[in-house]
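Have a look at the structure below before the remarks.
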Amino acid sequence: RGSAGVDVHTAVTVVLDSAGVHRIPLDATGPLGKGLSALLIGRSSATLQGIFVHPGVIDADFTGQNYAMVSTPSPPVAIPAGTQIAQLVPFYSSVLRADQRERKDDGFGSTGPQQVFWTMNISDQRPQMMCTLTLSEANPSQIQLRGLIDTGADVTVIS
2 RGSAGVDVHT AVTVVLDSAG VHRIPLDATG PLGKGLSALL IGRSSATLQG IFVHPGVIDA
62 DFTGQNYAMV STPSPPVAIP AGTQIAQLVP FYSSVLRADQ RERKDDGFGS TGPQQVFWTM
122 NISDQRPQMM CTLTLSEANP SQIQLRGLID TGADVTVIS
């Protein structure tokens, strides 16, 4: 009985110039009102055009500009301002707050420490990395190793 979601539009014209994830401002800001949170999902029409909107959650206490995380497998893709690429599906959260901190206009990682992970573009060549091991009590105190990187491994162990 009616739509489950509310369409949101891009606030500016953007060009997706790479296959990476782009943060695009939307014409919606928080809070959503009435204690509602929302799931931000892509519209099927955007997906058919090769524009993939990565799902996200907008909390009830978020007060800033809403953004969509968007990618395309075949750049460049131009998205004019006012394009309906996503929708907000509102819901009442049933999760108790773990802390009393209000999110306000903090977003994208505001609930935890920022983390940086090493990344490497993978090509048709095998990925390698030069590593220097240092142990001041040893002779020699440093050795260099060139190793093949296992791109499917969670941890690399050198013994």
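Quick note on this note's numbering: the sequence shown kicks off at 2 and runs consecutively.
Using N, Cα and C, we set each Cβ at its ideal position, and we do this for glycine too.
Inter-residue spacing [alpha-carbon to alpha-carbon] between residue i and residue j
{"i": "R44", "j": "I150", "result": "38 Å"}
{"i": "Q129", "j": "V22", "result": "25 Å"}
{"i": "S137", "j": "Q145", "result": "14 Å"}
{"i": "P141", "j": "T135", "result": "9 Å"}
{"i": "L33", "j": "P26", "result": "16 Å"}
{"i": "G65", "j": "R2", "result": "30 Å"}
{"i": "T14", "j": "H55", "result": "19 Å"}
Residue from the options with nearest C-alpha to residue i
{"i": "C132", "options": "T11, A139, R147 and I25", "result": "R147"}
{"i": "Y68", "options": "S19, V9 and S4", "result": "V9"}
{"i": "I42", "options": "P32, Y93, Q88 and T135", "result": "Q88"}
{"i": "I86", "options": "P141, S142, R24 and T135", "result": "R24"}
{"i": "A12", "options": "G57, G83, G34 and S19", "result": "G83"}
{"i": "G1", "options": "M70, A20 and K35", "result": "Because the chain spans 2 through 160 in this model, residue 1 falls outside it and cannot be assessed."}
{"i": "K35", "options": "Q143, H55, T14 and A61", "result": "A61"}
{"i": "D28", "options": "H55, V7 and A139", "result": "V7"}
For residue j and residue i, believed in contact at Cβ under 8 Å, the rounded distance
{"i": "P74", "j": "G51", "result": "7 Å"}
{"i": "I59", "j": "S72", "result": "The Cβ separation is near 19 Å, so there is no contact."}
{"i": "G31", "j": "F63", "result": "4 Å"}
{"i": "A5", "j": "V96", "result": "Contact flag wrong, Cβ pair sits at about 20 Å."}
{"i": "F92", "j": "L49", "result": "Rounded, the Cβ-Cβ distance is 26 Å, inconsistent with contact."}
Chain-order list of residues whose beta-carbon lies under 6 Å from that of residue i (same chain, five-residue window excluded)
{"i": "A79", "result": "V16"}
{"i": "S94", "result": "S38"}
Closer than 7 Å: residue i CB and nearest the ligand COA heavy atom
{"i": "S137", "result": "For the structure depicted, the ligand COA is absent and the ligand set is empty, with no information on it obtainable."}
Same chain only: Cβ atoms within 8 Å of residue i, ignoring 5 sequence neighbours per side
{"i": "P77", "result": "V16, L17 and D18"}
Write down every uninterrupted run of the beta strand (DSSP E) in the region 3 to 55 whose length is 3 residues or greater and which is fully enclosed by it, in chain order.
-> 7 to 10, 15 to 17, 23 to 30, 38 to 43 and 53 to 55
Within the region 52 to 88, note down every full beta strand (DSSP E) run reaching 3 residues or more, in order along the chain.
-> 53 to 55, 57 to 59, 66 to 72 and 78 to 80
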